[in-house]
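Q:
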Amino acid sequence: MSGGYRERPARLDGAVVWTVPGGRPPGAASPVLPDGCMDLLWNDGRLLVAGPDTRAHAPGGGVGPWAGVRFAPGDAPTLLGVPARVLRDRCVDLADLWPADRVRRLTARVARAAGADPAGALEEAAVALAADAPRPDPLLRAVTARLDAGWSVAATADATGLGPRTLHRRSLDAFGYGPKTLARILRLRRALRLVDAGTPYAAVAVRAGYADQPHLAREVRALTGRPLSAYAASANSSTPRPSGSSTTA
1 MSGGYRERPA
11 RLDGAVVWTV
21 PGGRPPGAAS
31 PVLPDGCMDL
41 LWNDGRLLVA
51 GPDTRAHAPG
61 GGVGPWAGVR
71 FAPGDAPTLL
81 GVPARVLRDR
91 CVDLADLWPA
101 DRVRRLTARV
111 ARAAGADPAG
121 ALEEAAVALA
131 ADAPRPDPLL
141 RAVTARLDAG
151 WSVAATADAT
161 GLGPRTLHRR
171 SLDAFGYGPK
181 TLARILRLRR
191 ALRLVDAGTP
201 YAAVAVRAGY
211 ADQPHLAREV
221 RALTGRPLSA
231 YAASANSSTP
241 RPSGSSTTA
């Protein structure tokens, strides 16, 4: 995959583990697209956190291989103890978020096992964090599921028993942005999966929930930075794209 990018399901529900050998973070050849997720990253002996993106990024640089755990939307703030809104469109050292001694302990734990399998070591650390943290809020999972299924924000608020203001506030903390932006990003992801599968544009627009094909094209350009035709052309190449948060500070 792009820059040697590989991913697999993680042992945490809804998460994935990814790697990029050779010091090229995902997106070195193709942009990393917004998806409502946050990542815990390992690179050159450092632990970093990538927040939720609102736009496509084309990160570059980095020393040595990269590994990451991409958490399901809304899960990382509970595990890491920081609201997602604080990290929107940012990537920071974990040391900027946690006390230094706690970061040193976790860094040492990952480093001891990272030589042979940095992704596995990072996954173990994430599993340990999850064991000590509250379980993911099922209400937030319900919000994500409904928005991803194309429900309106108002219908989602009604179904989950949250008023519009409460839903907006909780979405900022959990996802990094309000429910309308999350719905827009999840709709884009649905559309791009259909484009990747070779579905005609007009059918993509209908099935993903856009008003029409021009609406689809505008949203693809706005959120990926590329016209729909360029994205579709790259989908037919032999170099699939990574998804998820931007991975360079």
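1 is the number of the first residue of the sequence shown in full-length UniProt numbering; add one for each residue after it.
Cβ atoms here follow ideal geometry from the backbone N, Cα and C, with glycine treated the same way.
Between W18 and the rest of its own chain, which residues show a CB-CB distance below 6 Å, the 5 nearest in sequence each way excluded?
A: Only E7 and G68 meet the Cβ criterion.
Q: Can you tell me whether A233 is buried or exposed? The criterion is at least 16 other CB atoms within 10 Å of its CB, across all chains shown.
A: So A233 ends up on the exposed side.
Q: From V202 to R184, what does the alpha carbon distance come to, in whole angstroms?
A: Before going further, note that residue 202 is Ala rather than Val in the sequence given. Roughly 18 Å separates the two Cα atoms.
Q: Is the stretch 201-220 touching the stretch 159-170 in the sense that three or more CB pairs, one from each, lie closer than 8 Å?
A: The stretch 159-170 vs the stretch 201-220: no contact.
Q: Have a look at H57 and A15 and give me their C-alpha separation to the nearest angstrom.
A: In a straight line, the C-alpha of H57 is about 21 Å away from that of A15.
Q: Could you pull the DSSP bridge partners for P9 from this structure?
A: Paired residues: V16.
Q: From the DSSP output, which residues share a beta bridge with R46?
A: Beta-bridge pairing links R46 to N43.
Q: What is the DSSP secondary structure of P26, reduced to helix, strand or coil?
A: Residue confidence is low: P26 scores 45 on pLDDT, short of 50, so the model does not pin down where it sits. No coordinate-derived value is stated.
Q: Secondary structure at G150, three-state DSSP: helix, strand or coil?
A: It is coil, neither helix nor strand.
Q: Compare the C-alpha of R189 against each of T107, V127, W98 and L147 and name the closest.
A: Minimum Cα distance to R189 is reached at L147.
Q: Quick one: using the 10 Å Cβ neighbour count with 16 as the cut-off for buried, is D39 buried or exposed?
A: Under this definition D39 is a buried residue.
Q: At which residue ranges does the UniProt domain "HTH araC/xylS-type" (137-234) contain complete alpha helix (DSSP H) runs of 4 or more residues, listed in the order of the chain?
A: Complete alpha helix (DSSP H) runs here, min 4: 138-148, 153-160, 164-175, 179-196, 201-208 and 213-224.
Q: On the CB-based measure, 16 or more other CB atoms within 10 Å of its CB, does P136 come out buried or exposed?
A: Its Cβ being crowded by 16 or more others within 10 Å, P136 is buried.
Q: Indicate the three-state DSSP secondary structure (helix, strand or coil) for R109 in the structure shown.
A: Helix at R109.
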